[in-house]
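A.B. asks: Below is one structure. I have some questions about it.
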Amino acid sequence: MRATVWSGRNKVSVENVPDPKILNARDAIVKISSTAICGSDLHLYDGYVPTMRKGDILGHEFMGEIVETGGDVTNLKVGDRVVVPFPIACGACNACAREMFSLCENSNPNASTAEKLWGDSTCGIFGYSHAAGGYAGGQSEYARVPFADVGPIKIESDLSDEQALFLSDVFPTGYMGAELCDIKPGDIVAVWGCGPVGQFAIASAYLLGAERVIAIDRFDYRLTMAREKSGAETINYEQASVREALREMTGGRGPDACIDCVGLEAHHHHGGMYAYDRVKQATRMETERGYALREAIFNCRNGGTVSIMGVYGGFMDKFPIGAVMNRGLTIKTGQCHVHRYLRPLLQRIEKGDIDPSFIVTHRMSLDDASTGYETFKHKQDECVKVVMTP
Amino acid sequence: MPVPFLVPCREDTPARSSRGTPAAGGDALHHADDRHRKPVQRGQPVVHSSRELRDVCGRVGDRGELVQVAADTERPALRVEAYDAQWSAANDAARAADGPLWVVLGDSAAQGVGASSYDAGYVGVVRDRLVAADARPWRVVNLSRSGARTRDVLDEAALWRNVEGFPDFMTHLEEVRSTGPNTSHWKARGPLGTTVEWEAEITDDVPGERIAWRSVEGSKIDNSGTVRFVTAPGDQGTELHVEMRYSPPAGAVGATIAKMFGEEPGIQLKDDLRRFKAIAETGEIVRSDGSPEGPLGRRQLKQRPAHPQPDEELAGASTNGGGS
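Residue numbers (this note's numbering), protein chains in the order written: chain A, 535 to 924; chain B, 704 to 1027.
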């Protein structure tokens, strides 16, 4: 089959690899109909996530049709149309019982590697490094799905692929980012980063009852999308002081909740500050450029909540713990526990509360994956989301 | 929360030698020898969750709470013993019969306590539905015990007490064979196709609490181990505390043996425990493209690329316990 293969920093190509097979009795094989490039794939592309190897198949946002099931999978049958959540979860361990599926204790065969990096292991993730299990991803023609009796959700209505696909990651991830904010009526929520996760965090904050949502980015076309599709107010941080604007917009208090949808490759308008982090990151003295997170913490109102959905991989410098402690902030974060949002969010889509396809700006063949990565990485041609079809 | 572990013993499964643990004191949970009359062939999932049962039976409620039984408030205390006796009799009949076997481990819910008769609890209902759905004469041996804790189940669930199953999750072991009620023969893999063998005996055995073994005198390798079962705080599950000691002999042979028990024995033991947990909780050891054997310390230093491997590559990397 053809698959998008990582072969080093800034190098992906579509290559022929063997077809996946059933390796466990609870596996299924999915013939992929649509697959997307995630913002977090760019961290792999840019080489910031350790434990990648040449030949790894990328991709953790995919959907398609079941073509084969293992002997213990009885809830799915050949021909079922499914969306596959990016975390791989067994459904039986203590974490899964608490519905913290991205912390599944049984799905990461490389748990001891992850343990060295982070102190303890997380779940396995499709196409997301060997610390996350060394699973082949879904930017390919077929994918093997372990614990297929737990993860995939059947799409039985006539939703289009683009309406259903983002249940795999970015919609639930943005939604969880907003849900962690414990939004109350009248709350103002600020969202750093208007990529796909940011767009869904903004939309979800409104779905969960936020009074106002303020979107922060440096690309006008992304801010325009946030304004037009979700009704957010916007700040372009290259044109205005985020601090002054937020104070002005919140009666001097700061937003009740701040969501970081940027992660470890943040940019900053202040050349000096950006250079500081960029140099330290490039020389591996820190693994994160944490400007967005620092700014979110610094601007959150006293006693407010900072929700981190942007991906971080290791260690960050100049973490403003003094602001967190003295102003009583709450930090909530985590890889999205996608499984627990699949059904409620599918219902929201089917009811018409939201149509997630609004983020799609680029559609292309799987064969053009390397163009897709370049376009998305450099925000060329007003790119927000690339969807590929094999 | 009852944990009905399933030990499916299919008719087409070839029998292996019985371990022959003696029944202790007539307690239903201790009939381990019966449970292993037809051991599961290596490579098949050994323990299944209630989910599979649910799937076989069709829709009998969500999330594994299989059926609701009407509470019988009238003198329930007397029924505990009565139901236990009735299940014992039913177990004897089931053992004498033919057909696929479902072994139930659990607590009062599996005993049917609270239901109008001993087999009107979920076990009886599920058995009936199994027979109806599967059209085969499913037998039930119900080894549950009112008041049982998760660790009683884990301990008894053919995993730690069935030494022959150890190679399923201990990768350095090639084979463990029962040679008597308390003795077994162990064979471990070494580098370059070498093996080392020894005899071991069970030295301490308190069901639900601990089990200990050591190599018999005169073995090439002196080793011993203890597994303790501790209820986790808040009864969230069972903690397994494992201690293993190996004293290889001196000299070149000893060095080889030391190597086969792992340059990093701590990591190896941890991998073994991850595998054990995976089998107990999910019925399989999950495999990835990068780690087709499941958790394995040395594989994590030398990952395969995360793309499907050709058949010949996979053949050399089958897991002992998981997989189809």
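Even for Gly, the Cβ is constructed at its ideal location relative to N, Cα and C.
Just verifying my parser: in three-state terms, what is the DSSP assignment at Asn628(A)?
C.D. replies: Correct three-state label for Asn628(A): helix.
A.B. asks: Count the C-beta pairs between the region 677-690 of chain A and the region 615-631 of chain A that are closer than 8 Å, then say yes if the count reaches three, no if not.
C.D. replies: Because the criterion of three Cβ pairs below 8 Å is met, the region 677-690 of chain A and the region 615-631 of chain A touch.
A.B. asks: Between Ala526(A) and chain B, is any beta-carbon pair separated by less than 8 Å?
C.D. replies: Past the edges of chain A, shown from 535 to 924, lies residue 526(A), and the structure says nothing about it.
A.B. asks: Anything in the region 876-907 of chain B with a Cβ closer than 9 Å to a Cβ of chain A? List those residues in chain order, please.
C.D. replies: Those would be none; no residue qualifies.
A.B. asks: Taking a contact to mean a Cβ-Cβ separation below 8 Å, would you say Cys795(A) touches Cys834(A) in this structure?
C.D. replies: No, these two residues do not count as a Cβ contact at 8 Å.
A.B. asks: Which class does Lys814(A) belong to by DSSP, given the choice of helix, strand or coil?
C.D. replies: Of the three classes helix, strand and coil, the one that applies to Lys814(A) here is helix, per DSSP.
A.B. asks: By the 10 Å Cβ neighbour count, where 16 or more other Cβ atoms means buried, how is Val909(B) classified, buried or exposed?
C.D. replies: Its Cβ having fewer than 16 others within 10 Å, Val909(B) is exposed.
A.B. asks: Are the CB atoms of Cys624(A) and Phe681(A) nearer to each other than 8 Å?
C.D. replies: Yes, Cβ-Cβ distance for Cys624(A) and Phe681(A) is below 8 Å.
A.B. asks: Measuring only between beta-carbons, confirm whether Glu984(B) sits less than 8 Å from chain A.
C.D. replies: Yes, Glu984(B) counts as interfacial toward chain A.
A.B. asks: List the residues of chain A whose Cβ lies closer than 8 Å to the Cβ of Pro995(B), in chain order.
C.D. replies: Simply Leu557.
A.B. asks: Buried or exposed: Phe910(A), going by 16 or more other Cβ atoms within 10 Å of its Cβ?
C.D. replies: Phe910(A) is buried by the Cβ-count criterion.
A.B. asks: In the DSSP assignment, find the beta strand (DSSP E) that holds His896(A) and state where it starts and stops.
C.D. replies: Segment 896-899, the beta strand (DSSP E) holding His896(A).
A.B. asks: Candidates Trp540(A), Cys715(A), Val546(A), Val723(A): which alpha carbon is nearest Met586(A)'s?
C.D. replies: For Met586(A), the nearest C-alpha among the options comes from Trp540(A).
A.B. asks: Could you tell me whether the Cβ of Pro711(B) comes closer than 8 Å to any Cβ of chain A?
C.D. replies: Note that Pro711(B) scores 32 on pLDDT, short of 50, meaning its location in the model is unreliable; the coordinates nonetheless yield the value given after this. No - not a single Cβ of chain A is within 8 Å of the one on Pro711(B).
A.B. asks: Which word fits Lys545(A), buried or exposed, when buried means at least 16 other C-beta atoms lie within 10 angstroms of its C-beta?
C.D. replies: By the neighbour-count rule (16 or more Cβ atoms within 10 Å), Lys545(A) is not buried but exposed.
A.B. asks: Compare the beta carbon distance of Asp887(A) and Leu741(A) with 8 Å and say whether it is the shorter of the two.
C.D. replies: Yes; because the gap between Cβ atoms is below 8 Å, this pair is in contact.
A.B. asks: Check whether the region 757-771 of chain A and the region 724-740 of chain A touch, using three or more Cβ-Cβ pairs below 8 Å as the test.
C.D. replies: Cβ pair count under 8 Å is three or more, so yes.
A.B. asks: Is Met634(A) buried or exposed, if buried means 16 or more other CB atoms sit within 10 Å of its CB?
C.D. replies: Result: buried.
A.B. asks: At a cut-off of 7 Å, is Glu902(B) close to the ligand NAP when judged by its beta-carbon and the heavy atoms of the ligand?
C.D. replies: The model on display carries no ligand, and the ligand NAP is accordingly not part of it.
A.B. asks: Identify every residue that forms a DSSP beta bridge with Cys792(A).
C.D. replies: Paired residues: Ala724(A), Val840(A).
A.B. asks: Alpha carbon to alpha carbon, how far is Pro840(B) from Glu649(A)? Give it in angstroms, no decimals.
C.D. replies: Spanning the two alpha carbons is a distance of roughly 47 Å.
A.B. asks: For Tyr582(A) and Gly844(A), I'd like the C-alpha separation in whole angstroms.
C.D. replies: Those two C-alpha atoms are separated by around 14 Å.
A.B. asks: Name the chain A residues that come within less than 8 Å of Asp974(B), Cβ to Cβ?
C.D. replies: Correct list: Ser646.
A.B. asks: Around the Cβ of Leu846(B), are there at least 16 other Cβ atoms within 10 angstroms (buried) or fewer (exposed)?
C.D. replies: Buried is the call here.
A.B. asks: In this structure, how does DSSP classify Ala744(A) when only helix, strand and coil are distinguished?
C.D. replies: Coil, per DSSP.
A.B. asks: Helix, strand or coil for Val843(B), going by three-state DSSP, please let me know.
C.D. replies: Residue state, collapsed to three classes: strand.
A.B. asks: Distance, Cα to Cα, Gly589(A) vs Ala799(B)?
C.D. replies: Their Cα atoms are separated by approximately 56 Å.
A.B. asks: Can the beta-carbon of Val723(A) be found less than 8 Å from the beta-carbon of Pro643(A)?
C.D. replies: Cβ distance not < 8 Å, so Val723(A) and Pro643(A) don't count as in contact.
A.B. asks: Give the straight-line distance between the Cα atoms of Thr864(A) and Thr707(A), rounded to the nearest whole angstrom.
C.D. replies: For Thr864(A) and Thr707(A), the distance between alpha carbons rounds to 19 Å.
A.B. asks: Gly542(A): buried (16+ other C-beta within 10 angstroms of its C-beta) or exposed?
C.D. replies: Exposed: under 16 other Cβ atoms inside 10 Å.
A.B. asks: Once you ignore the five residues that flank Glu799(A) on each side, which residues in its own chain have a CB closer than 7 Å to its CB?
C.D. replies: The answer, listed in chain order, is His577, Asp580, Tyr582, Arg823.
A.B. asks: Taking the C-alpha atoms as reference points, what is the distance between Ile914(B) and Ile924(B)?
C.D. replies: Spanning the two alpha carbons is a distance of roughly 20 Å.
A.B. asks: Residues in the same chain with beta-carbon distance under 7 Å from Leu701(A), minus the five sequence neighbours each way, listed in chain order, please.
C.D. replies: The answer, listed in chain order, is Val617, Ile687, Leu876, Leu879, Leu880.
A.B. asks: Does the CB of His1010(B) have a neighbour CB from chain A at under 8 Å?
C.D. replies: For His1010(B), the answer is yes, since a Cβ of chain A falls inside 8 Å of its Cβ.
A.B. asks: State the Cα-Cα distance for the pair Gly667(A) and Gly997(B), rounded to the nearest angstrom.
C.D. replies: In a straight line, the C-alpha of Gly667(A) is about 9 Å away from that of Gly997(B).
A.B. asks: Does Pro870(B) get closer than 8 Å to chain A when you measure Cβ to Cβ?
C.D. replies: With 8 Å as the cut-off, Pro870(B) does not count as an interface residue toward chain A.
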